[in-house]
Structure formats: structure tokens, C-alpha cells
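The structure appears below as C-alpha cells.
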Amino acid sequence: MKEQFERLQTEASAAFAAAKDAAELEAAEIKYLGRKGEMASLMQGMAGLPSHERPAMGKLANEVKIAIDRALAERKKELEAEKLGKLATEEWIDLTAPGTRPPEGHLHLVTDAIATVTDIFTRLGFTRVRYPEVEWDWYAFEALNMPKDHPARDEWETFFIDAPEHPKLGKMVLTPHTSSGQVREMQKGVLPIRMINISKTYRRQITQRHLPMFHQFEGMMIDKDVSVTHLKGVLDHFAREFFGPTRKTRLRPYHFQFTEPSFEIDVTCDVCGGTGQYGNAKCKLCKEGWLELGGAGMIHPNVLKAGGVDPEKWSGFAFGWGVERTMMMREGLKLDDIRHLYKNDFRFLRQF
Ligand code: FA5
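Residue numbers (this note's numbering): 26 to 377.
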């Protein structure tokens with residue numbers, strides 16, 4: 026048994042010294058020192074020795090165990106030092122090297138435009154509101170002087186929701202224009218009003234100039250003796266603030282059921298510089314030098330009445346513009362297809 030202990034010590038020490046990494050060392054440790062390892066089985070064998078031999082053999086076993094433990098601890102230390110040595114050569118960092126900048130996002134162009142529009146009108150005393158994306162027919166059409174089956178409704182290529190009708194307010198629709206917020210605002214019963222409603226709107230349209238989902242901003246002012254002059258003043262101020270002093274706007278007579286008189290507002294196109302020509306071809310975006318941004322007019326008395334406002338005492342104007350279209354006309358943007366805005370293509374978005 027003495028030789029067996031001595032051989033175990035030699036073998037175990039050699040196996041530890043030969044271990045190339047922590048995993049091999051652990052395997053050798055289990056083989057020699059584990060619960061079912063070679064040391065444990067030799068110790069069990071001691072039970073069969075005559076009692077007078079046991080004390081000497083016990084002492085030897087103890088010395089062998091201490092020697093093997095020491096050999097193991099030394100190799101562990103060596104391997105650890107080797108690992109740290111490698112780290113220094115393989116995984117070093119240069120603390121003086123310039124850092125890597127984390128990716129930095131920015132507001133989407135449309136969000137940014139909404140913030141600018143809000144800011145310009147807030148400074149004129151208008152309060153920002155939002156009205157529902159899903160609306161009742163009554164607010165979108167009927168209260169705006171467009172009774173059922175009125176042909177003017179066709180202009181708003183509306184998405185109808187397959188849901189039960191409201192007994193008084195009619196069908197459910199995806200809000201086709203922010204004008205549905207006019208009567209909702211009047212129904213709050215607080216006068217005078219200076220509202221700017223910026224919300225999502227939906228229509229069955231998709232072209233270079235049309236999106237099925239877009240945003241509009243609807244301004245509405247109701248007070249005593251409000252006239253077209255106030256409307257023109259507010260719109261001119263907005264155009265100057267948003268587009269800069271070089272861009273021109275014009276009011277074109279138009280027809281809306283809910284305003285009288287009514288206008289469409291155009292601004293000179295930034296893609297072709299207001300000429301209608303791009304190189305030798307017609308401007309792809311505006312075709313004529315002007316781009317329509319929205320409608321406006323003096324609120325029709327029937328609409329005031331629908332909102333519970335007395336048209337004998339109060340008057341007001343309203344205007345509704347497309348956020349995306351307005352933004353496309355910003356100085357220097359030269360965006361010739363509105364659909365780029367919602368393609369989520371980083372190559373496009375990162376340019377701004
Ligand atoms: C209206 O929606 C009226 N409610 C505007 C109004 C408000 C008139 C208050 C009078 C008083 P119109 O359908 O023209 O009008 O749309 C207004 C603007 O929304 C358009 O000039 C355009 O800038 C934008 N717009 C309309 N349809 C789309 C579309 N499919 N995609 C992107 N922008 C659109």
C-alpha cells in the first residue's frame with residue numbers, strides 16, 4: 026500500500042503539471058482527489074489493514090494528500106498567471122484611443138414639422154388639441170353642412186369602419202380631415218376659440234402627392250367680428266415663419282360646404298422654384314409652380330349652429346393643411362415623392 030500511495034503522489038503531480046488549462050486541471054483533480062477518485066479508494070482500502078499498521082499508513086496518507094493538494098494549488102496558480110499574461114497581450118485596450126460614438130437618432134421629419142407648426146401657432150395664442158382618429162359621420166360630414174348623400178362628401182375618399190351605426194351620429198369612419206374637430210371644439214362651450222388641431226387623417230389615396238394616412242393641422246378662430254383679413258394675416262404669418270420670407274403664397278377662390286367664402290391656399294414649389302419646370306421636363310411634384318397646401322374659409326353659419334354657437338353674435342375662420350405636404354415645401358428639402366416619408370428607409374431618413 027505504501028508504494029500505491031507513493032505512485033499516486035507521483036502520477037497526480039505529473040497529471041496536474043501536464044494540464045494545459047483550467048478544464049484539464051479540473052478533470053485531473055476529479056480523477057485523483059474526487060469523492061470517487063483514486064485517493065478516496067486507497068483510503069477505503071486502509072480499513073482492511075491490521076490495526077498496528079494503520080497509524081503509520083494514516084500518517085503517510087496524510088502527507089501524500091498534503092503533497093498532492095500543494096501540487097494542485099501550484100498548478101492552479103501557474104495557469105491563472107498564464108491566463109493573465111495572455112490577457113495582457115491578447116485583450117489589451119488602449120485607454121487613450123478615441124471612443125466609438127453610439128448611434129444617435131433624431132426626430133422623424135413629420136414629428137419635427139408638427140412641433141414647428143405647434144410652436145408657431147402657440148405663439149399666436151392658439152391651443153393645441155387632438156381629436157379622434159376614428160370618428161362619427163356626423164362630425165366628419167353632417168355637422169359640416171354635408172347632409173347624407175351630399176355629393177361634396179365624395180372629395181373625402183373615406184374609409185368606413187365595419188361597425189354598428191350610432192343612432193344619432195351615424196356611421197363610424199377613419200377621420201378623413203381634421204375639420205371634424207371644429208364642432209367638437211365648439212361643443213366644449215368655451216368662447217372665444219383659438220384652436221390648432223393636429224391629428225392623423227385617412228383617405229383612400231396613394232400617389233406621389235397622396236398618402237392613405239397623413240396628418241393635417243386645422244386652425245380655427247371664433248370671436249366677435251372675425252373677418253377674412255384676420256384669416257389672411259394668420260396664414261401669411263405662418264407661411265413666413267415656416268417657409269421663410271422668399272416663398273410666396275396665394276389664396277384661390279374655392280368651394281367647401283363648411284366655409285363661406287372658401288379658398289385654397291397654394292405656396293410656390295421649392296422643387297422647381299415656382300417655375301413648373303425641372304430641367305427640360307415638367308416638375309414631377311407640382312407640374313405648375315404652385316403646390317396646394319390646404320383649404321380655408323369663414324365658418325359657415327350652419328356649422329356654428331351645429332356646434333351650439335350663435336352666428337348672429339360670433340364669427341370665425343378655419344383652415345386645414347396637410348402636415349406632410351407643408352413640410353415637403355420647406356426651403357431646400359426638394360422631396361419629390363411624399364411616400365418616401367413613410368418607407369422607413371434609413372438611407373432616406375439619415376439625410377436629415
Ligand atoms: C380639407 O380636408 C378641408 N377639411 C380643409 C379645410 C379646413 C377647408 C377648414 C376649409 C376650412 P382638402 O381635402 O383639400 O381639404 O385637404 C387639405 C390638405 O390636406 C390638402 O391640401 C393637402 O395638403 C392635404 N392632403 C389631402 N389629402 C391628402 C393625402 N391623401 N395625402 C397627403 N396630404 C393630403
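C-beta atoms are modelled at their ideal positions from N, C-alpha and C, and glycine is treated no differently.
Treat the numbers as computed from the prediction; the structure is a model and nothing was measured.
Option nearest residue i by Cα separation, candidates the options
{"i": "Glu289", "options": "Leu216, Asn305, Lys257, Gln302", "result": "Lys257"}
{"i": "Ala39", "options": "Glu54, Ala48, Pro336", "result": "Glu54"}
{"i": "Thr274", "options": "His365, Lys111, Met82, Thr351", "result": "Thr351"}
{"i": "Leu236", "options": "Lys45, Arg100, Leu366", "result": "Leu366"}
{"i": "Asp335", "options": "Leu199, Gly150, Lys249, Pro172", "result": "Lys249"}
{"i": "Gly314", "options": "Ala306, Glu158, Thr300", "result": "Thr300"}
{"i": "Ala37", "options": "Gln69, Asp94, Leu74, Ala47", "result": "Asp94"}
{"i": "Cys311", "options": "Met323, Gln212, Gly298, Glu116", "result": "Gly298"}
{"i": "Leu358", "options": "Ala138, Met26, Glu99, Glu51", "result": "Ala138"}
{"i": "Pro286", "options": "Cys294, Phe344, Arg234, Phe185", "result": "Phe344"}
{"i": "Thr226", "options": "Lys213, Leu216, Thr232, Gly206", "result": "Gly206"}
{"i": "Asn222", "options": "Lys213, Met238, Thr232, Glu243", "result": "Glu243"}
{"i": "Leu194", "options": "Met211, Pro172, Gln69", "result": "Pro172"}
{"i": "Glu349", "options": "Leu134, Ser252, Phe371", "result": "Leu134"}
{"i": "Gln212", "options": "Pro189, Glu190, His191, Ile247", "result": "Ile247"}
{"i": "Gly347", "options": "Gly341, Lys330, Gly320, Asp362", "result": "Gly320"}
{"i": "Ala47", "options": "Tyr57, Ala86, Leu104, Leu276", "result": "Leu104"}
{"i": "Phe184", "options": "Glu337, Met238, Gly341, Thr232", "result": "Met238"}
{"i": "Met220", "options": "Val142, Arg364, Glu49, Trp117", "result": "Val142"}
{"i": "Thr364", "options": "Ala113, Thr121, Gly73, Thr232", "result": "In the sequence as displayed, the identity of residue 364 is Arg instead of Thr. Comparing Cα-Cα distances from Arg364 to each of Ala113, Thr121, Gly73, Thr232, the minimum goes to Thr232."}
Assumed close pair residue i, residue j - CB separation to whole angstroms, cut-off 8 Å
{"i": "His202", "j": "Gln230", "result": "Contact flag wrong, Cβ pair sits at about 12 Å."}
{"i": "Ser204", "j": "Leu169", "result": "6 Å"}
{"i": "Arg272", "j": "Thr293", "result": "6 Å"}
{"i": "Leu33", "j": "Glu63", "result": "6 Å"}
{"i": "Val296", "j": "Val208", "result": "Going by Cβ atoms, the distance from Val296 to Val208 rounds to 37 Å, so no, they are not a contact pair."}
{"i": "Met68", "j": "Met26", "result": "Actually they do not touch by this definition, with Cβ atoms about 10 Å apart."}
{"i": "Asp291", "j": "Leu318", "result": "7 Å"}
{"i": "Gly341", "j": "Val251", "result": "5 Å"}
Buried or exposed (CB count within 10 angstroms, at least 16 for buried), residue i
{"i": "Ile218", "result": "buried"}
{"i": "Asp179", "result": "exposed"}
{"i": "Lys196", "result": "buried"}
{"i": "Thr152", "result": "exposed"}
{"i": "Ser76", "result": "exposed"}
{"i": "Gly130", "result": "exposed"}
{"i": "Ala165", "result": "buried"}
{"i": "Ile186", "result": "exposed"}
{"i": "Phe283", "result": "buried"}
{"i": "Glu182", "result": "exposed"}
{"i": "Ile324", "result": "buried"}
{"i": "Leu109", "result": "exposed"}
{"i": "Ile91", "result": "exposed"}
{"i": "Ala86", "result": "buried"}
{"i": "Leu118", "result": "The displayed chain sequence assigns Ile, not Leu, to residue 118. Per the 10 Å Cβ criterion, exposed."}
{"i": "Arg228", "result": "buried"}
Proximity test, residue i beta-carbon vs the ligand FA5 heavy atom, cut-off 7 Å
{"i": "Arg228", "result": "yes"}
{"i": "Glu317", "result": "yes"}
{"i": "Phe283", "result": "yes"}
{"i": "Gly320", "result": "yes"}
{"i": "Ser204", "result": "yes"}
{"i": "Gln241", "result": "yes"}
{"i": "Trp346", "result": "yes"}
{"i": "Ser252", "result": "no"}
{"i": "Ile363", "result": "yes"}
{"i": "Ala168", "result": "no"}
{"i": "Glu160", "result": "no"}
{"i": "Leu132", "result": "no"}
{"i": "His235", "result": "yes"}
{"i": "Glu115", "result": "no"}
{"i": "Ser340", "result": "no"}
{"i": "Arg355", "result": "no"}
{"i": "Arg155", "result": "no"}
{"i": "Ala165", "result": "no"}
{"i": "Glu313", "result": "no"}
{"i": "Glu210", "result": "no"}
{"i": "Ser224", "result": "no"}
{"i": "Ala138", "result": "no"}
{"i": "Arg126", "result": "no"}
{"i": "Arg400", "result": "With the chain running from 26 to 377 in the structure shown, residue 400 is simply not present."}
{"i": "Ala306", "result": "no"}
{"i": "Ala343", "result": "yes"}
Pairs of beta-carbons, one from the stretch 251-270 and one from the stretch 145-152, closer than 8 Å: are there three or more? yes
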